[in-house]
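A.B. asks: In my numbering, the protein residues as written are 41 to 985.
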Ligand code: ADP
Ligand code: MG
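Quick look at the structure:
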């Protein structure tokens, strides 16, 4: 028996398999895409397909061809890369082996087809080159070079990132797949990819070499030097960026275009696979262009997803993004996918340069004031579809008829947009970009609209994209299909008249095809031009060259019509492909306009105010509201002020740049500090803000840390994570940063937590010798409020007002204790209760438990007061002494780990004797046996009570 792996088809399979290493190969055979060997095992496991065996025991599993997209989506979601190998001609027409080719390579980071992309969400692939740790310059964080591209739009950027910020950068840019140089080590998967759960793909190390990368880039972009892309010089950082960019380019070429190897052996015209002409040269990004918000802060501020929500980015309600995502209405949502992507980008990476921020504000202001203009632009924009991605698909020869028509209709708005913007200085930049491309785009758009039907088919294979009457060949082919019957009766009439044969019939049947029939009696008078083809009992059948030609035309008419449509389609696509750069410029201008309009709609609809930006690190918000709360419960959000740092020019009383916010649980502390952070973020994004007025000093970073939010970090000690992140803040906050800390220290014991919180506040307050970082610290450790006295002028106490109904007053709860009402109003000054028991009771903790807790609290408070000798901190309940004098006792230069006096509470914890014994052990002079004995002794001591 011949080896089943030696059949021509399997040989062909193995050739492709070898050419696309690391890809699952879907091999078209008849109506199925089949997988073999390990691929089959993998696909049957991941997608639950039935595993069968081809003859000879080769494992095999297949998916029906019409469900391919569906399965591709699921494979991509599992991070699997797939090569789709198609039959290039119908198997029935093939003599011998069917010619096949890999027509698509689909990887998680390089999706371009509308059916595979996740709505408007960004989708990018990145190549990473890590700086070696030993190569790192002294005292500096080791860096990483990153090249990021979006295959669907052609966006391409290079940048250097400190390695600790890598995860943030990848998350911010929507990277779905990370390429790295294959290393000798077996598992070199970058930690960043693992922690983000994105696909990682090892690439041959040589592709990351400087020489090879330079070559790949200069060849592709047809330039002599990379200097024009900001990649001149051969310093370490630039070289690393070039290497990453080169490796990324090779990957895109490999996955998106047809290799020479593949081209060979495929007959001309059977396969078109596009070029990467839409890929723009790598744009080198500097470090300081954006207000940096790390991934943790983005999460705690719920910019893209809520803390609890596991929904896809943007989908979850309650996010900042969702405030701008009310579908289809003019209340602050984008009209185009480009706008939605840009709005997300502005929110996760707001601007940091004053001119850009203010230009956005000015444009928003104009659109808020000029309602007619806004409405007009809104109408025009809502006719524009995802031109950015359609442009990409056209370049890659993956566009559908619908893409083409959508593109033309979108481009047709260009002219009117420029007219609408004629007298709007704040949007002059957008208008200029549109004007620059309008004349190039208009003729092509007009032609497409003239040639194509209004409701195009989903696939070209169905036909029907082009209108009747625009092409003689196409019309003829269609006419034949439609009007075969009419032609036949016309032909019949002609023949009858010509030859005077009244009984002549022209007919058709499946077996004989088209024929001319004469009754036997008239057959003798048949003119010679009728060629006999068949003799029936009472009749003769004939044909003519004309009829044969007609038959040929009709039977091939359908395929000729399709062929012709394909030609016309490719022709139009080629014309669009030549306009790739202009289409991109149009998409960019539209994205900006759309985003600004959405911001303006929101501002007008909710009465948001234009923030005043300044270079001084101040933050002054009057009557600010939380944007999400304001959206969810309009009118019920209690507005609050905030004042951090002072503007020397404004000659105000100096205002501390650190505020401590205390108040009971559920009072609104977290809401308040997030609100201030979100207002800062929005202002930098270019938006107006939910406040009566706001002065916002330019900010370089927003840091947010929430104590012990365990939901987020499964598998790690939450306290450890909390401290790592806090350490990061303490190391990296600058005078221009905004730091928002919520209940830091909650993740450990009260005493530890309080001490740490104390130390952290002191550190941040002292760092702010002149001004900044502006810090908001919400805490339920009301003991911290003493810091206002100890660090005068540096710390301001704020508290959340609570109305307490005294016991015996009204209303009163059933066991005679006081009721509280949360007013959500932030006021100066401190709070001295945590109201924990009130909240517990509101939450439904049983009455007896609350009563017992009250007893315990009372006894602890007494104990507490009794034990502390030097300076009693606040009892958890009851009046607290004011202790202005205490400030002197904590040495200003050496911050204590916490309010030292607190230790009194735990004096009963004397050191264990085992500790003493351990101290005595002389490690250096011990033999291993002695060491073991000592260890046993210590162990026994530890066992004793
Ligand atoms: P805390 O952090 O003090 O425990 P939160 O900030 O979590 O309190 O607020 C608790 C709840 O109070 C929130 O879910 C919100 O619905 C409501 N709330 C907070 N601040 C306000 C406000 N300014 N206006 C109206 N409701 C508010
Ligand atoms: Mg809170």
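Cβ atoms here follow ideal geometry from the backbone N, Cα and C, with glycine treated the same way. Quantities reported herein were computed from a predicted structural model and do not represent experimental measurements.
Could you check whether the Cβ of residue 340 sits closer than 7 Å to any heavy atom belonging to the ligand ADP?
C.D. replies: no
A.B. asks: From 200, 794, 762, pick the residue whose C-alpha is nearest to that of residue 18; which is it?
C.D. replies: With the chain covering 41 to 985 only, the question about residue 18 has no answer from this structure.
A.B. asks: Considering only heavy atoms of the ligand MG, does any lie closer than 7 Å to the CB of residue 783?
C.D. replies: yes
A.B. asks: Does the beta-carbon of residue 377 have 16 or more other beta-carbons within 10 angstroms, so that it is buried, or is it exposed?
C.D. replies: buried
A.B. asks: Use the C-beta contact count for residue 146: other C-beta atoms within 10 angstroms, 16 or more gives buried, fewer gives exposed.
C.D. replies: With 16 or more Cβ atoms within 10 Å of its Cβ, residue 146 is classed as buried.
A.B. asks: Are the C-beta atoms of residue 425 and some chain D residue less than 8 Å apart?
C.D. replies: The structure shown contains no chain D; it holds only a single protein chain.
A.B. asks: Using 7 Å as the cut-off, classify the Cβ of residue 677 as near or not near the heavy atoms of the ligand ADP, replying yes or no.
C.D. replies: yes
A.B. asks: Rounded to the nearest angstrom, how far is the Cβ of residue 566 from that of residue 558, given a contact under 8 Å?
C.D. replies: Between residue 566 and residue 558 the beta-carbon gap is near 6 Å, inside 8 Å, which marks them as a contact.
A.B. asks: Does DSSP classify residue 97 as helix, strand or coil?
C.D. replies: coil
A.B. asks: Which residues mark the beginning and the end of the beta strand (DSSP E) in which residue 660 is found?
C.D. replies: Counting along the chain, the beta strand (DSSP E) containing residue 660 begins and ends at 659-664.
A.B. asks: With DSSP as the reference, identify every bridge partner of residue 64, one or two as the case may be.
C.D. replies: 122
A.B. asks: In terms of alpha-carbon separation, which member of 171, 836, 336, 429 lies closest to residue 159?
C.D. replies: 429
A.B. asks: Just checking, does the segment 715-724 make contact with the segment 771-782 on the three C-beta pairs under 8 Å criterion?
C.D. replies: yes
A.B. asks: Does residue 51 pass the burial test, meaning 16 or more other C-beta atoms within 10 Å, or should it be called exposed?
C.D. replies: Residue environment for residue 51: exposed (fewer than 16 other C-beta atoms within 10 angstroms of its C-beta).
A.B. asks: Thinking C-alpha only, which one of 321, 880, 670, 246 is nearest residue 267?
C.D. replies: In terms of Cα proximity to residue 267, the closest of 321, 880, 670, 246 is 321.
A.B. asks: With a CB to CB cut of under 6 Å and the five nearest residues on each side skipped, what residues in its chain are close to residue 654?
C.D. replies: If we look at residue 654 and ignore the five residues flanking it on each side, its Cβ neighbours are 737.
A.B. asks: Would you say the segment 694-714 touches the segment 870-889, given that touching needs at least three Cβ pairs under 8 Å?
C.D. replies: yes
A.B. asks: What's the gap between the Cα of residue 508 and the Cα of residue 464?
C.D. replies: 42 Å
A.B. asks: Is residue 906 helix, strand or coil by DSSP?
C.D. replies: Note that residue 906 scores a pLDDT of 37, beneath 50, so its modelled location is shaky and nothing firm can be said.
A.B. asks: Runs of 4 residues minimum, wholly inside the segment 183-212: which ones carry the alpha helix (DSSP H) assignment?
C.D. replies: 206-212
A.B. asks: Drop a sphere of 10 angstroms on the beta-carbon of residue 1059, count the other beta-carbons inside from all chains shown, and report buried for 16 or more, exposed for fewer.
C.D. replies: It is not possible to answer for residue 1059, since the shown part of the chain is limited to 41 through 985.
A.B. asks: Determine, using beta-carbon pairs with one atom in the segment 246-264 and one in the segment 130-138, whether at least three such pairs fall under 8 Å.
C.D. replies: The segment 246-264 vs the segment 130-138: no contact.
A.B. asks: Looking only at its chain, what residues have a beta carbon closer than 8 Å to the beta carbon of residue 100, apart from the 5 residues adjacent to it on each side?
C.D. replies: Counting only Cβ-Cβ distances below 8 Å, and skipping sequence neighbours, we find 74, 75, 76, 80, 91, 92, 93, 94.
A.B. asks: My parser needs the alpha helix (DSSP H) runs of 4 or more residues fully inside the segment 792-840; what are they?
C.D. replies: 827-830
A.B. asks: Per DSSP, which one or two residues make a beta bridge with residue 330?
C.D. replies: 391
A.B. asks: Going by beta carbon distance, what residues of the same chain come within less than 6 Å of residue 494, once the five residues before and after it are set aside?
C.D. replies: none
A.B. asks: Between residue 794 and residue 823, is the Cβ-Cβ spacing less than 8 Å?
C.D. replies: yes
A.B. asks: Going by beta carbon distance, what residues of the same chain come within less than 7 Å of residue 39, once the five residues before and after it are set aside?
C.D. replies: Examination of residue 39 is not possible in this model, given that the chain is present from 41 through 985 alone.
A.B. asks: Is residue 93 close to the ligand ZN? I mean its beta-carbon at under 7 Å from any heavy atom of the ligand.
C.D. replies: The model on display carries the ligand ADP and the ligand MG but not the ligand ZN.
A.B. asks: Does the Cβ-Cβ distance between residue 66 and residue 125 come in under 8 Å?
C.D. replies: yes
A.B. asks: Counting along the chain, where does the beta strand (DSSP E) carrying residue 363 start and finish?
C.D. replies: No beta strand (DSSP E) contains residue 363, which is instead part of the alpha helix (DSSP H) from 360-363.
A.B. asks: Return yes when at least one heavy atom of the ligand MG lies under 7 Å from the C-beta of residue 709, else no.
C.D. replies: yes
A.B. asks: Helix, strand or coil: which one does DSSP assign to residue 571?
C.D. replies: strand
A.B. asks: Considering just the uninterrupted stretch of the beta strand (DSSP E) at residue 680, what are its terminal residues?
C.D. replies: In this chain, the beta strand (DSSP E) harbouring residue 680 covers 680-684.
A.B. asks: Grouping DSSP H, G and I as helix and E and B as strand, with all else coil, what is residue 868?
C.D. replies: strand
A.B. asks: Only counting the same chain, and skipping five residues up and downstream in sequence, which positions put a Cβ closer than 8 Å to that of residue 475?
C.D. replies: 458
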